[in-house]
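**Student:**
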Amino acid sequence: DPVMYPSPIIAEETLFLDGYAIDIGDGSTRWSTNWDATPSYHDGNLITREDSHIIARNAQNGDIVYEREITTRPLHTVVNENTVYTAPSGGDNALITARNAFTGDIRWQTTTVKQGESSEDYVYRTSIPLAVSDKAVAIAGQRQYSDSVLWRSYVGVIDVDTGEPRWYRDLRASIAPVI
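Sequential numbering of the sequence shown, starting at 20, is according to this note's numbering.
1) Just how far apart, CA to CA, sit Pro58 and Arg188?
2) Just tell me which of Ile158, Ala56 and Ala75 has its CA closest to the CA of Ser172.
3) When the distance is taken between beta carbons, is Tyr60 closer than 8 Å to Ala40?
4) Would you mind stating whether Asp42 and Glu32 have Cβ atoms separated by less than 8 Å?
5) What three-state label does DSSP hand Pro27 in the structure shown?
6) Within this structure, are the beta carbons of Leu114 and Thr96 separated by less than 8 Å?
7) Rounded to the nearest angstrom, what separates Thr122 and His72 at their Cα positions?
8) Ordered along the chain, which non-local residues of its own chain (more than five positions away) have a Cβ less than 7 Å from that of Leu36?
9) Tell me whether Gln79 sits in a helix, a strand or coil according to DSSP, three-state version.
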């Protein structure tokens with residue numbers, strides 16, 4: 020996995036940064052843990068990755084609400100409309116996953132492999148959910164094709180309800196685009 024520096028977020032008068040829940044009023048530590056990805060906040064819970072698990076913690080005290088084992092290590096969690104979206108940092112099992120934000124149960128999973136191609140066509144893939152609406156999940160990343168030393172960037176849209184890929188498009192850029 021690439022080296023990641025999680026971004027901070029603020030919710031419920033608390034700064035969540037690098038595994039710490041810090042009171043924004045006086046700077047005291049409310050609780051701490053060992054998350055290694057940028058967290059998301061949803062309905063009183065902080066949702067993040069800790070090692071090989073997606074964990075929802077009570078934002079006030081850090082108690083675990085649910086914990087689910089995952090097969091790939093997502094870089095980010097994104098929450099929209101009571102669903103947590105995760106995308107892998109890369110590898111052969113590059114599955115984008117939608118989970119119920121309250122229970123952690125899987126709603127759907129889909130691959131980042133383009134329609135008409137197989138996972139053998141790529142040496143490595145990266146993917147990050149960049150934007151989520153009530154209709155679509157937009158993703159972007161990079162692929163290294165097995166017949167090339169070059170990386171190719173791509174962008175795609177996935178149906179938010181079913182996880183079915185709507186389209187993927189290769190770009191000429193050599194880095195992952197920002198949407």
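Glycine residues also receive a C-beta, built at the ideal position from the N, C-alpha and C atoms.
What you are looking at is a predicted structure, and each value in this text was computed from that prediction instead of being measured.
**Tutor:** Looking at the coordinates:
1) 28 Å
2) Ile158
3) Contact: no.
4) yes
5) coil
6) no
7) 13 Å
8) Hits under 7 Å: Pro27.
9) DSSP places Gln79 in coil when its eight states are reduced to three.
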